[in-house]
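For reference, the structure discussed in these notes is given below.
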Amino acid sequence: MNTRTDRAERGIATAIEILQAGGVVALPTETVYGLAGDALSSDACAAIFEAKDRPLSDPLIVHLPSLDWLSRLTAPSPLAFALAEKFWPGPLTMVLQRSPSVPEIVTAGQDTVAVRMSAHPAFRSVVKGFGKPLAAPSANRFGRISPTAAEHVMSELGGRIPFILDGGPCRHGIESTIVHVLEERLQILRQGPVTEEQLREFAPVFHGPAGVAAPGGLKSHYAPRTPLVIADRPISRGPREGLLAWSNAPEGFAVVERLSISGDLREAAANLYGAMRRLDEAGLDLIVAEAIPQNGIGAAIMERLQKAAAEK
Ligand code: TXA
Ligand code: MG
Numbered sequence: 001m002n003t004r005t006d007r008a009e010r011g012i013a014t015a016i017e018i019l020q021a022g023g024v025v026a027l028p029t030e031t032v033y034g035l036a037g038d039a040l041s042s043d044a045c046a047a048i049f050e051a052k053d054r055p056l057s058d059p060l061i062v063h064l065p066s067l068d069w070l071s072r073l074t075a076p077s078p079l080a081f082a083l084a085e086k087f088w089p090g091p092l093t094m095v096l097q098r099s100p101s102v103p104e105i106v107t108a109g110q111d112t113v114a115v116r117m118s119a120h121p122a123f124r125s126v127v128k129g130f131g132k133p134l135a136a137p138s139a140n141r142f143g144r145i146s147p148t149a150a151e152h153v154m155s156e157l158g159g160r161i162p163f164i165l166d167g168g169p170c171r172h173g174i175e176s177t178i179v180h181v182l183e184e185r186l187q188i189l190r191q192g193p194v195t196e197e198q199l200r201e202f203a204p205v206f207h208g209p210a211g212v213a214a215p216g217g218l219k220s221h222y223a224p225r226t227p228l229v230i231a232d233r234p235i236s237r238g239p240r241e242g243l244l245a246w247s248n249a250p251e252g253f254a255v256v257e258r259l260s261i262s263g264d265l266r267e268a269a270a271n272l273y274g275a276m277r278r279l280d281e282a283g284l285d286l287i288v289a290e291a292i293p294q295n296g297i298g299a300a301i302m303e304r305l306q307k308a309a310a311e312k
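Going by the working numbering, the sequence shown opens with residue 1, and the numbers climb by one from there.
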């Protein structure tokens, strides 16, 4: 398949046309690029799984065009509404009881569904123009590094999907925070740009295994092909080792990527996947990732590094 990219303005109409015809398109969001299809069409969702080589046991996130869809697809509690009011549109995904209108393939047969509303202007234009919810997992092959630029989508899925809407680099650069909204508590399933500190203002927060099998919760994920280790004080021990440096770059590594020269965690998150991808393409034997301070969004960055470092 010949994959096209297009500049945002013109591309929005193209994306909507393909979605209306039951196809899939890659769209920018404020977190990472997503591979979108009609969430209410099992066939379109099947095409998403196929393009990504994603196992059908891994449920999809549904992106809503507007808040009224929350009650149409889920049974939202007052806590869910409060979170939506504070963080939507934005990088928070809520796992809630699903309504019967959500196809089984979206939820992998579970009785919950993950929903969010993207703040990216191009994504919003497409989902509003389409007028229905869009299922959109990250636009990478299963288990690989999420794409934070249109070129990354091209290298992951080029030839497998008809169209990539180029919205430039993603602002946050790591995937949305996923929270399972319980009666009076919040279970963080994946850390992200909305931090635990922010969530704690709404309800007690705990971490724990998803009551559901959530492969974003798998030990190994977001992984480069090159082996990766995390070190508090990185030292190069071989000629073909690369460094993913947090702020200051120790010497001696063949290739160095610095996440934030000024030590800004948000900037580091935005640079993370692009830097990992470049190191992965540099033909190295090993990537050494410097440990990141775990406050704020730093916890979400470390979660990604730990998954990238885990045994496959
Ligand atoms: O920022 C994001 O969330 C991006 C953009 C494109 O929206 N999307 C994204 O989707 O990261 P994906 O599919 O790559 O990751 C979603 C994670 C998966 O690990 C999936 O297992 C989990 O959400 N998930 C989906 N539905 C779930 C559910 N009902 N219960 C628990 N986990 C769920
Ligand atoms: Mg993903």
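Ideal Cβ positions, reconstructed from N, Cα and C, are used throughout, including at glycine.
So does residue i have its beta carbon nearer than 7 Å to some heavy atom of the ligand MG?
{"i": "S118", "result": "no"}
{"i": "E175", "result": "yes"}
{"i": "S66", "result": "no"}
{"i": "P227", "result": "no"}
{"i": "S138", "result": "yes"}
Flag this pair as yes or no: are the beta carbons of residue i and residue j separated by less than 8 Å?
{"i": "G158", "j": "T29", "result": "no"}
{"i": "R225", "j": "D280", "result": "yes"}
{"i": "L284", "j": "A254", "result": "yes"}
{"i": "I48", "j": "L67", "result": "no"}
{"i": "A39", "j": "A135", "result": "yes"}
{"i": "I297", "j": "P193", "result": "yes"}
{"i": "A51", "j": "L35", "result": "yes"}
{"i": "P76", "j": "L70", "result": "yes"}
{"i": "I287", "j": "G242", "result": "yes"}
{"i": "L92", "j": "R72", "result": "no"}
{"i": "R185", "j": "F202", "result": "no"}
{"i": "P369", "j": "S146", "result": "Coverage of the chain is limited to positions 1 through 312, which leaves residue 369 absent and any answer about it impossible."}
{"i": "L165", "j": "A270", "result": "no"}
{"i": "Y33", "j": "A139", "result": "yes"}
{"i": "I18", "j": "F163", "result": "yes"}
{"i": "V62", "j": "V106", "result": "yes"}
{"i": "G109", "j": "I12", "result": "no"}
{"i": "S176", "j": "T31", "result": "yes"}
First and last residue of the alpha helix (DSSP H) that includes residue i?
{"i": "Q306", "result": "G298 to A309"}
{"i": "R266", "result": "L265 to D280"}
{"i": "A149", "result": "Note, A149: premise wrong, no alpha helix (DSSP H); not H, not E."}
{"i": "E183", "result": "Premise fails: E183 is in no alpha helix (DSSP H) and is neither H nor E."}
With a threshold of 7 Å (Cβ to nearest heavy atom), would residue i be considered close to the ligand TXA?
{"i": "V113", "result": "yes"}
{"i": "T3", "result": "no"}
{"i": "T107", "result": "yes"}
{"i": "T148", "result": "no"}
{"i": "V95", "result": "yes"}
{"i": "D53", "result": "no"}
{"i": "I48", "result": "no"}
{"i": "V256", "result": "no"}
{"i": "T74", "result": "no"}
{"i": "I164", "result": "no"}
{"i": "P121", "result": "no"}
{"i": "V32", "result": "yes"}
{"i": "L243", "result": "no"}
{"i": "D58", "result": "yes"}
{"i": "P169", "result": "no"}
{"i": "P91", "result": "yes"}
{"i": "Q306", "result": "no"}
{"i": "T195", "result": "no"}
{"i": "Q110", "result": "yes"}
{"i": "A189", "result": "One detail in the question is off: residue 189 reads as Leu in this sequence, not Ala. At least one heavy atom of the ligand TXA is nearer than 7 Å to the Cβ of L189, so yes."}
{"i": "I301", "result": "no"}
{"i": "T29", "result": "yes"}
{"i": "I61", "result": "yes"}
What are the start and end residues of the beta strand (DSSP E) that includes residue i?
{"i": "D166", "result": "F163 to D166"}
{"i": "I48", "result": "Per DSSP, I48 belongs to no beta strand (DSSP E); it is in the alpha helix (DSSP H), S42 to K52."}
{"i": "L186", "result": "L186 to R190"}
{"i": "E257", "result": "V255 to R258"}
{"i": "L64", "result": "From DSSP, L64 is part of no beta strand (DSSP E); its letter is neither H nor E."}
{"i": "L228", "result": "L228 to A231"}
{"i": "E323", "result": "Nothing can be reported for residue 323, as the shown portion of the chain is limited to 1 through 312."}
{"i": "E197", "result": "Careful: E197 lies outside any beta strand (DSSP E), inside the alpha helix (DSSP H) at E196 to R200."}
{"i": "A318", "result": "Residue 318 lies beyond the stretch modelled for the chain, which goes from 1 to 312, so this question has no answer here."}
{"i": "F206", "result": "V205 to H207"}
With 8 Å set as the bound, which would you pick, yes or no: does the beta-carbon of residue i sit closer than that to a beta-carbon of chain B?
{"i": "G22", "result": "In the structure shown, chain B cannot be found, because there is only a single protein chain."}
Inset, instruction - Run through the segment 67-132 for me and flag every whole alpha helix (DSSP H) of 4 or more residues, listed as ranges in chain order. - result: The qualifying runs are 68-73, 78-87, 104-107 and 121-130.
Legend entry - Those runs of the beta strand (DSSP E) which lie wholly inside the segment 7-44 and span at least 3 residues: Within the segment 7-44, the runs of beta strand (DSSP E) that reach at least 3 residues and sit entirely inside it are, in chain order, 25-27 and 34-38.
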